[in-house]
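Novice:
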Amino acid sequence: MPGGRLTQQERQQIALGLADGLAYAEIARRLDRPTSTITREVMRNGGPTAYRADLAQRATSHRAQRRRQSEAKDPAASPQAHGRDAEAVRAYEEVFTTVLMQSGTPKMMARVLSCLFTTDAGSLTAAELAQRLQVSPASVSKAVAYLESQGLVRRERDERRRERYVVDDDVWYQSMMASAHGTAQLAVIARQGVGVLVPDTPAAARMENVARFLDFVSEAIARAADQAREVLHTKPEPALNGGG
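Everything in the sequence shown is counted per the working numbering, starting at 83 for the first residue and increasing by one.
#1: To the nearest angstrom, report how far apart V226 and V217 are at their CA atoms.
#2: If we ignore side chains and look at the alpha-carbon of each, how far apart do S221 and A192 end up?
#3: One question on the structure: do V124 and L104 come within less than 8 Å of each other, judged by their Cβ atoms?
#4: From the DSSP output, read off the bridge partner residues of Y247.
#5: How would you write the range of the alpha helix (DSSP H) that R115 sits in, first residue to last?
#6: Looking only at its chain, what residues have a beta carbon closer than 8 Å to the beta carbon of F199, apart from the 5 residues adjacent to it on each side?
#7: Would you mind stating whether T201 and R244 have Cβ atoms separated by less than 8 Å?
#8: Ignore the nearest five residues each way along the sequence and tell me which others in V181's own chain have a CB closer than 7 Å to its CB.
#9: Distance, Cα to Cα, A159 vs L195?
#10: Is it buried or exposed for R239, if we count other Cβ within 10 angstroms and need 16 for buried?
#11: Please classify I271 as buried or exposed, where buried requires at least 16 neighbouring CB atoms within 10 angstroms.
#12: Where does T119 fall in DSSP's three states?
#13: When you compare the CB positions of L314 and L296, do they come within less than 8 Å of one another, or not?
#14: Where do the N-terminal and C-terminal ends of the alpha helix (DSSP H) with V58 fall, by residue?
#15: According to DSSP, simplified to helix, strand and coil, what is D102?
#16: Comparing alpha-carbon positions, which option in S261, E312, P219 lies nearest L234?
#17: State buried or exposed for T131, treating a residue as buried only when at least 16 other CB atoms are found within 10 Å of its CB.
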C-alpha cells in the first residue's frame, strides 16, 4: 500500500537497506514506496547513520498521539493557508529540523528556526511558537536567545506591542559570511603553526597546505555569497502552465 503509513516490518527493511549502503531510491523500489517517503522517514528519525526501526516506530506513534491530543484541545487550531496539506507541512518541518540539527544546530533551536521559516509571515510571537511546537514559553525564550546570538533571528514589536521573532531574507547570507570569517580565522591559526613547527619540516608543510586550502575556501564562500545575495530578495518566476 504505497499510500499508507509505514509498518514496523517496512521500517526494519529500511534499516537493513541503510546498513547495506543502499540508496533511498533503491530502498523505495524494494518497498514499492515513493523515494520521498523513504527520505522523509530516514531524515526525521536520525538520518542514515543513526536510523533505527524500533525508535522510528516509537517516535511515529508518539507524534500521532501528540497530534490527536492537540486536535482534541482545539480542533480548529493551525488552519493551513493556500490549500496546503497539514500533514505534509508537519512532515517537511521535521525533515528541515533534522537537517538543521545535522549541520550543528541544537534541537530546540532547529525546531524554532524551521517553524519560523515555514510561515508565510516569517515571524511569530513566543506564544504562537509555544503553541505550534507544544513546548513551554521558557524553552522558546532560550531557543530564541541562542538564535539571536547567532544572528539568525531578530526581535521586533507589532502593532499590539507584542514581541515577535523574525527571520530575515538575509539570514543565509549572514550565515555564509560568518562561516567564511570562521574559516579564514582557522587559516590564520594554521599558518601560525608553520613557524612554531619550523619551516620546511613535514609538520610545517602540512599546516601550510591546510592554511592555503582554508584561505581558498574562505574567499570562495565570501565571493559566492556576495554574488548570490540578490537571489534572496528576488521573487521566483511564476510556474508556467502546460496548456496553451
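Heads up, the beta-carbon is just placed ideally off N, CA and C, and yes, glycines get one too.
Specialist: Looking at the coordinates:
#1: For this step, residue 226 is matched to residue 144 along the sequence shown. For this step, residue 217 is matched to residue 135 along the sequence shown. Rounded to whole angstroms, V226 to V217 spans 13 Å at the Cα level.
#2: Here the question's residue 221 lines up with position 139 in the sequence shown. Here the question's residue 192 lines up with position 110 in the sequence shown. So the alpha carbons of these two residues sit roughly 12 Å apart.
#3: Taking the first residue of the sequence shown as 1, we reach residue 124 at position 42. Taking the first residue of the sequence shown as 1, we reach residue 104 at position 22. Not a contact, by the Cβ cut-off of 8 Å.
#4: On the sequence shown, position 165 is the one that residue 247 refers to. Partner(s): L206, R237.
#5: Numbered from 1 along the sequence shown, position 33 holds the residue referred to as residue 115. Bounds of any alpha helix (DSSP H) do not take in R115, whose DSSP letter is neither H nor E.
#6: The residue given as residue 199 occupies position 117 in the sequence shown. So the list reads F178, V249, once near-sequence residues are dropped.
#7: If you number the sequence shown from 1, residue 201 lands on position 119. If you number the sequence shown from 1, residue 244 lands on position 162. Their beta carbons are not under 8 Å apart, which means T201 does not touch R244 by this criterion.
#8: Working through the sequence shown from its first residue, we reach residue 181 at position 99. Residues of the same chain with a CB within less than 7 Å of the CB of V181, apart from the 5 flanking positions on each side, are M125 in chain order.
#9: For the purposes of this step, residue 159 is taken as residue 77 along the sequence shown, with counting starting at 1. For the purposes of this step, residue 195 is taken as residue 113 along the sequence shown, with counting starting at 1. For A159, the predicted structure reports a pLDDT of 48, less than 50, and the residue's modelled location is therefore unreliable. The matter cannot be settled from this model.
#10: For the purposes of this step, residue 239 is taken as residue 157 along the sequence shown, with counting starting at 1. It counts as exposed.
#11: Taking the sequence shown and counting its residues from 1, one reaches residue 271 at position 189. I271 is exposed by the Cβ-count criterion.
#12: Residue 119 sits at position 37 when you count from the first residue of the sequence shown. Helix.
#13: Counting from one through the sequence shown, the residue named residue 314 turns up at place 232. Counting from one through the sequence shown, the residue named residue 296 turns up at place 214. It is not a contact, given that the beta carbons lie outside the stated cut-off.
#14: Residue 58 is absent from the model: the chain starts at 83 and stops at 326.
#15: In the sequence shown, counting from the first residue as 1, residue 102 sits at position 20. Coil at D102, not helix or strand.
#16: Along the sequence shown, read from residue 1 onward, the residue named residue 234 stands at position 152. Nearest option by C-alpha distance: S261.
#17: Within the sequence shown, numbered from 1, the residue matching residue 131 stands at position 49. T131 should be labelled exposed.
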